[in-house]
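There are 4 protein chains.
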Amino acid sequence: MNFASDNASGAAPSILEAIVAANSGTAPAYGADSYSARAEAALGELFERPAVSFLMSTGTAANALALGALTPPWGAIFCHEEAHIHDDECGAPELFSGGAKLVGIPGEGGKITPQALRETLARFPRGLVKGVQPAALSLSQATEAGTIYSSDEIADLSTIAHGAGVAVHMDGARFANALVALGCSPAQMSWRAGIDVLSFGATKNGAMGCEAVIFFNVEQAADFVFQRKRGGHTLSKGRFLGAQMAAYIEGGLWRTLAGRANRAARRLADGLAGISGLRLAWPTEVNEVFPIGPRALVPALRARGVGFYEWTSRALAPALAPREDEAFLRLVCSFETSDAEVDGLLAIVRECCAGGRGAKD
Amino acid sequence: MNFASDNASGAAPSILEAIVAANSGTAPAYGADSYSARAEAALGELFERPAVSFLMSTGTAANALALGALTPPWGAIFCHEEAHIHDDECGAPELFSGGAKLVGIPGEGGKITPQALRETLARFPRGLVKGVQPAALSLSQATEAGTIYSSDEIADLSTIAHGAGVAVHMDGARFANALVALGCSPAQMSWRAGIDVLSFGATKNGAMGCEAVIFFNVEQAADFVFQRKRGGHTLSKGRFLGAQMAAYIEGGLWRTLAGRANRAARRLADGLAGISGLRLAWPTEVNEVFPIGPRALVPALRARGVGFYEWTSRALAPALAPREDEAFLRLVCSFETSDAEVDGLLAIVRECCAGGRGAKD
Amino acid sequence: MNFASDNASGAAPSILEAIVAANSGTAPAYGADSYSARAEAALGELFERPAVSFLMSTGTAANALALGALTPPWGAIFCHEEAHIHDDECGAPELFSGGAKLVGIPGEGGKITPQALRETLARFPRGLVKGVQPAALSLSQATEAGTIYSSDEIADLSTIAHGAGVAVHMDGARFANALVALGCSPAQMSWRAGIDVLSFGATKNGAMGCEAVIFFNVEQAADFVFQRKRGGHTLSKGRFLGAQMAAYIEGGLWRTLAGRANRAARRLADGLAGISGLRLAWPTEVNEVFPIGPRALVPALRARGVGFYEWTSRALAPALAPREDEAFLRLVCSFETSDAEVDGLLAIVRECCAGGRGAKD
Amino acid sequence: MNFASDNASGAAPSILEAIVAANSGTAPAYGADSYSARAEAALGELFERPAVSFLMSTGTAANALALGALTPPWGAIFCHEEAHIHDDECGAPELFSGGAKLVGIPGEGGKITPQALRETLARFPRGLVKGVQPAALSLSQATEAGTIYSSDEIADLSTIAHGAGVAVHMDGARFANALVALGCSPAQMSWRAGIDVLSFGATKNGAMGCEAVIFFNVEQAADFVFQRKRGGHTLSKGRFLGAQMAAYIEGGLWRTLAGRANRAARRLADGLAGISGLRLAWPTEVNEVFPIGPRALVPALRARGVGFYEWTSRALAPALAPREDEAFLRLVCSFETSDAEVDGLLAIVRECCAGGRGAKD
């Protein structure tokens with residue numbers, strides 16, 4: 006049982022089949038193939054708007070290159086202080102922007118509030134020579150805390166950002182999970198809510214390795230072919246990216262897969278809610294569950310070979326903070342997490358919590 | 006028929022099978038999986054020496070990250086003036102080195118001579134503050150002209166470079182084709198000949214998208230995990246890279262595939278040699294053939310849907326330079342180029358050359 | 006009357022004389038002159054230790070180049086969240102480090118506490134591939150709040166940093182003011198307290214434009230000549246930097262000048278302390294005074310042509326935070342601020358505060 | 006006697022006086038002072054066109070920042086293969102452009118010909134993704150060979166560049182020397198001939214350390230205040246730059262100084278022409294003289310304490326190349342080189358050449 010991350014799963018069968026099918030014959034290199042064209046068309050249709058999209062094989066590249074297209078080296082990129090782009094990409098946005106400054110904004114549950122955004126923007130007046138210039142806001146949907154912004158919340162933050170001349174990027178590594186949870190359209194959750202550029206993730210949700218950077222303002226994409234190539238992210242056999250993305254979207258596979266992952270997480274969260282001595286750090290809105298409970302959970306899960314991460318966060322409400330004798334875990338479900346696996350995990354946790362209490366009694 | 010590049014082919018069947026086989030179950034992310042370990046072990050055994058290897062999905066990334074590990078921002082990277090790293094990667098080595106200077110060295114047939122290397126190094130004395138500092142030599146094996154260095158030639162150049170405190174990188178995008186042509190061991194063509202870091206390409210020779218950067222001097226790899234991650238080149242589902250590389254090496258598949266591509270090019274070159282009005286720009290040593298002939302070839306091949314590139318080069322002996330009424334072509338064979346395709350291409354060329362002469366008579 | 010900054014003053018007369026004296030005859034360019042040698046020797050003697058020093062003309066360059074010598078592009082630079090390097094240099098440290106990440110640490114009065122440093126370092130475990138690597142701690146002495154660290158405080162922070170493999174830089178733009186206030190030796194306030202690299206400022210304290218980067222660990226300076234040259238900070242007529250720095254140090258001029266500025270600020274702070282309706286944000290430890298008082302101060306001072314800045318800070322104790330009807334000012338004294346100027350300023354403030362109260366009554 | 010470089014001289018007396026005069030009283034920092042305003046106005050008047058100018062203290066910074074404003078990181082900067090920006094600034098243009106590629110163009114006498122420029126541009130088609138994008142042409146006026154372009158030659162090259170969408174920069178480290186030699190107006194030699202951005206040097210011609218970057222297309226300067234600040238090149242006591250530049254221009258001092266340097270070089274060249282066994286590598290068009298003569302010159306000049314550089318160049322006509330037993334020297338005159346110094350140098354050379362011949366007889 007592996008709840009460490011959704012990227013511990015392989016590719017969804019349909020996507021693997023699409024890769025295999027794309028293998029026959031020769032095809033033009035570097036994305037000039039028919040599979041990539043199909044993916045581009047499918048993305049355009051999905052988002053109900055002419056857009057320019059670029060495929061690549063990692064989410065780090067998608068985020069960092071997208072931000073690099075929005076930000077000069079002397080720019081500021083605003084994001085949640087625990088955003089993946091700030092904490093987990095080894096400075097990739099700094100590399101691809103030529104050294105921009107990421108400005109972390111605190112916020113409970115991994116979310117930026119309009120008030121916090123306004124206060125932060127106020128510290129970076131445009132034209133103040135000694136300061137870096139406000140350039141981009143990056144919103145993670147879903148967030149690092151497994152929470153989501155509503156379309157209205159996104160629109161509010163985008164309006165504030167645009168009012169300050171700041172472009173808005175969405176890190177959609179788990180875009181599908183958030184979308185299915187909200188039940189809105191891709192357009193509503195992106196450009197209709199003010200998103201300028203979207204990192205549209207597929208890897209965590211069943212692709213082998215495929216992400217799209219989608220520009221809704223085409224002029225911001227003017228130099229992106231060079232930026233992607235220069236970053237080493239233009240795959241020569243691009244048909245395999247195109248095939249993955251087309252299969253991911255066509256027939257709604259991506260929603261199906263995300264629905265499965267979210268439901269598994271819901272089942273897990275519901276199960277955990279019934280176990281005494283456990284609490285959740287944040288509500289389970291997509292496919293990530295963050296229980297806080299007895300430290301004995303850690304060795305118990307390890308002993309049973311369960312994959313998971315111990316977690317820390319400054320985005321936790323003080324009242325919920327783990328005590329010294331408690332563990333804080335992240336458990337992630339993927340498109341292939343089965344009910345049996347969830348139930349198996351719950352059984353271990355139940356036993357452990359019961360035992361933990363017993364041991365203390 | 007597609008002779009545009011060896012990357013117009015898909016993946017070799019065995020490699021595709023390995024990808025499919027690697028898909029079942031969960032696996033640790035970011036290269037901590039058993040497939041990647043198998044690939045690492047296979048590479049170590051192949052090169053008969055403890056080495057550190059890193060997998061990624063593009064050759065641009067492999068070259069640029071490898072060079073970035075050898076060169077400070079104020080360094081000089083020496084390479085042939087038409088090297089792929091200089092002309093065809095949109096400045097990727099500059100990005101990953103923080104702005105190093107690539108210094109092109111002219112040389113017939115795409116090769117650097119010891120004399121030219123010495124003269125160039127003399128222009129960059131170490132410690133001269135106003136000049137960039139000599140840092141790395143990059144040799145392309147095979148070269149952009151489809152020629153190869155012998156192991157002795159590599160050793161001579163490496164000795165000169167090392168004598169100047171300059172590390173030696175090999176761009177081995179077509180390492181397999183060169184190796185099969187030379188008939189030597191991977192060790193002989195790399196570290197035994199003084200190569201410090203190797204971009205070991207698999208994509209052009211039958212992988213879906215997989216290259217290894219191999220450090221023979223382990224200390225030069227000290228920061229490479231950070232450099233690769235920061236570049237967005239650490240794939241989350243790393244098992245698929247590991248599976249490709251393991252399948253590529255195990256059982257000698259890589260030699261088999263390269264042998265096929267080289268033989269197809271030999272058949273093509275031999276066939277072209279018998280056609281009057283044609284000459285080859287350079288000897289056919291691997292899987293690339295560079296004919297110069299009547300301009301009518303271009304529309305004739307286009308009309309028949311043959312993929313190819315028109316070429317230009319400053320590495321051509323003056324006596325061979327194309328006249329105004331001539332075309333200079335690059336034709337590349339891959340592991341799946343069939344005899345029938347080669348013969349079909351030859352038939353078109355023959356017809357065209359005969360017609361061309363007729364038209365002039 | 007200009008209390009905007011100590012850099013509103015020109016050069017101290019002795020320094021100007023030294024510049025004039027250095028003008029006669031020819032001299033080797035780029036710092037190979039005798040004036041630069043004299044400065045280097047004077048700095049070495051002053052710090053009681055063989056050190057390598059580099060002169061340049063701005064503090065931004067000194068800080069950013071020094072940090073660039075300590076930090077790889079994938080490194081983290083820890084500093085107070087309102088440090089000059091973070092807020093006021095338009096991303097210069099990011100440029101010269103190749104895109105490192107500055108990590109702001111909050112702290113009252115502009116100072117980093119050992120506890121805050123430890124907590125921050127804990128978030129950046131060495132070797133965690135997804136995170137930037139802990140590289141440098143930068144301490145501002147004096148701080149942006151006009152406060153100073155004791156030598157013991159510096160030593161404590163350095164010990165923590167070194168324990169984490171993190172080098173320690175001091176932004177000494179106001180090194181002289183802090184030193185005179187502490188009454189210790191330059192060595193005690195720098196390398197004996199664990200400082201590895203010092204930006205030794207002279208410009209704010211009477212030079213025309215001259216700063217030294219001093220490496221106490223000579224091996225960290227290995228590439229600095231290239232880094233400075235590449236940054237455009239190696240002056241061709243370097244003798245004029247050497248002459249400034251030599252004149253600044255020789256005969257203790259630098260202490261004399263700093264003593265004057267500090268005394269002027271003390272007089273100003275003492276005067277303000279006696280005015281009802283005013284409070285100081287932080288204690289006046291060097292040459293900067295931060296009064297909080299009625300908003301009417303702003304137009305009153307402007308009307309009289311007094312130079313000053315309105316201020317904001319997150320390093321203020323909550324109880325002291327300015328109310329809506331209050332102004333928060335920064336007033337800086339220089340080596341040439343006279344008692345008469347201080348008294349003139351105090352008279353305006355007194356009148357205004359009296360008037361302000363009157364207006365409200 | 007120092008003929009090593011024109012930067013071996015100090016500041017011209019009038020410029021030093023202006024610095025001293027600017028020292029009294031306080032002044033706004035960072036270039037908001039009246040001296041800087043005067044310099045800006047004087048530059049505008051001099052160039053007969055509204056322009057935006059920025060002062061800084063080194064020529065390396067002026068060139069590299071100017072090029073950084075014209076070139077994206079994936080851009081190509083075209084220049085003579087021995088241009089100062091390519092060979093003598095330790096990669097500064099690469100730093101400030103974020104890693105652009107400098108493309109050297111060969112050319113006798115340090116000059117780029119229209120034909121060579123066209124051929125080089127043809128190798129960098131705009132929009133070719135794998136190639137860096139043509140961005141800027143940099144012309145050195147005077148060149149590294151002490152030769153100059155006529156206004157017509159500049160206009161021809163600019164027209165070709167602009168036709169390819171390439172902006173044109175002039176490295177005018179010796180702008181004054183070239184202008185005086187041509188006898189045209191500053192406008193004719195710059196924007197009327199198509200120059201977009203000019204590095205207007207004053208340091209080599211009598212300033213203490215002051216250069217201006219002048220944008221004739223104001224929109225290209227949009228971000229320059231940030232680029233200069235981020236580079237550490239915005240001096241706090243900016244009045245001293247303003248005072249230098251104003252004094253340099255006002256009253257035509259700059260022409261006077263350059264005229265002196267050129268005349269000294271003319272006297273030197275004429276004297277050398279009369280000495281048997283010597284030849285000049287290139288015509289003496291400004292203040293640099295490049296004799297080739299017996300190797301004995303080197304020890305003879307060293308023994309007499311004469312400052313000079315031994316030279317090498319690929320821009321030399323083959324027929325003039327120095328033989329094994331010959332030395333190739335660069336001798337530079339400054340505004341303060343006296344006739345007596347020139348004559349003294351000539352005497353040494355004459356004696357040496359006579360002796361050299363004698364020794365051989």
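Residue numbers (my numbering), protein chains in the order written: chain A, 6 to 366; chain B, 6 to 366; chain C, 6 to 366; chain D, 6 to 366.
All C-beta atoms, glycine included, are put in the ideal place defined by N, C-alpha and C.
Secondary structure of residue i, DSSP reduced to three states
| i | result |
| --- | --- |
| tyrosine 35 of chain B | coil |
| phenylalanine 83 of chain A | strand |
| valine 173 of chain C | strand |
| proline 111 of chain A | coil |
| leucine 133 of chain A | coil |
| phenylalanine 245 of chain C | helix |
| isoleucine 219 of chain A | strand |
| tyrosine 154 of chain A | coil |
Per-residue contacts from residue i into chain A (C-beta, under 8 Å)
| i | result |
| --- | --- |
| alanine 34 of chain B | Ala9, Ser10, Asn12, Ala13 |
Exposure label - residue i; buried when at least 16 CB within 10 Å
| i | result |
| --- | --- |
| lysine 365 of chain A | Because the pLDDT of lysine 365 of chain A is 40, which lies under 50, any placement of that residue in the model is unreliable, and the number read from its coordinates should be weighed accordingly. So lysine 365 of chain A ends up on the exposed side. |
| glycine 363 of chain D | The pLDDT assigned to glycine 363 of chain D is 41, lower than 50, so where the model puts this residue is not dependable; a value taken from the coordinates is nonetheless given after this. So glycine 363 of chain D ends up on the exposed side. |
| serine 58 of chain C | buried |
| glycine 360 of chain D | exposed |
| glycine 120 of chain D | First, the residue type needs correcting, since residue 120 of chain D is glutamine and not glycine in the sequence shown. By the neighbour-count rule (16 or more Cβ atoms within 10 Å), glutamine 120 of chain D is not buried but exposed. |
| threonine 317 of chain C | exposed |
| glycine 279 of chain D | exposed |
| lysine 164 of chain A | The amino acid occupying residue 164 of chain A in the given sequence is threonine; lysine does not appear at that position. The residue is exposed, with fewer than 16 neighbouring Cβ atoms inside 10 Å. |
Closer than 8 Å at the beta carbon, the chain B residues around residue i
| i | result |
| --- | --- |
| cysteine 95 of chain A | Phe231, Lys234, Arg235 |
Residue i and residue j closer than 9 Å at C-beta
| i | j | result |
| --- | --- | --- |
| isoleucine 219 of chain A | phenylalanine 101 of chain A | no |
| leucine 107 of chain D | alanine 169 of chain D | no |
| phenylalanine 8 of chain B | phenylalanine 313 of chain B | yes |
| glutamate 94 of chain A | threonine 76 of chain A | no |
| tyrosine 154 of chain B | asparagine 210 of chain B | no |
Contact set between residue i and chain C, taken where Cβ atoms lie within less than 8 Å
| i | result |
| --- | --- |
| valine 137 of chain A | Cys95, Gly96 |
| glycine 214 of chain D | Ser62, Leu240, Ser241, Lys242, Phe245 |
Contact set between residue i and chain C, taken where Cβ atoms lie within less than 7 Å
| i | result |
| --- | --- |
| aspartate 92 of chain A | Gly136 |
Cross-chain neighbours of residue i in chain D, by beta carbon under 9 Å
| i | result |
| --- | --- |
| valine 202 of chain C | Within chain D, no residue comes near valine 202 of chain C; the closest Cβ sits about 16 Å away, beyond 9 Å. |
Contact list for residue i against chain B, beta-carbon separation under 9 Å
| i | result |
| --- | --- |
| aspartate 228 of chain C | Pro77, Trp79, Gln138 |
Residues that residue i contacts on chain A, provided the C-beta gap is smaller than 9 Å
| i | result |
| --- | --- |
| threonine 31 of chain B | Met6, Asn7, Ala9, Ala13, Ser14, Gly15, Gly312, Ser339, Glu341 |
| leucine 21 of chain B | Ile24, Val25, Asn28 |
Contacts of residue i in chain C (Cβ-Cβ under 9 Å)
| i | result |
| --- | --- |
| threonine 208 of chain D | Leu240, Ser241, Lys242 |
Residue i: contacting residues in chain B (beta-carbon distance under 7 Å)
| i | result |
| --- | --- |
| alanine 66 of chain A | Gly237 |
Chain D residues whose Cβ lies nearer than 8 Å to that of residue i
| i | result |
| --- | --- |
| alanine 69 of chain C | Gly237 |
Please list the residues of the segment 100 to 134 of chain B that have a C-beta atom closer than 9 Å to any C-beta atom in chain C, keeping them in chain order. Listed by position along the chain: Gly103, Gly104, Gly132, Val134.
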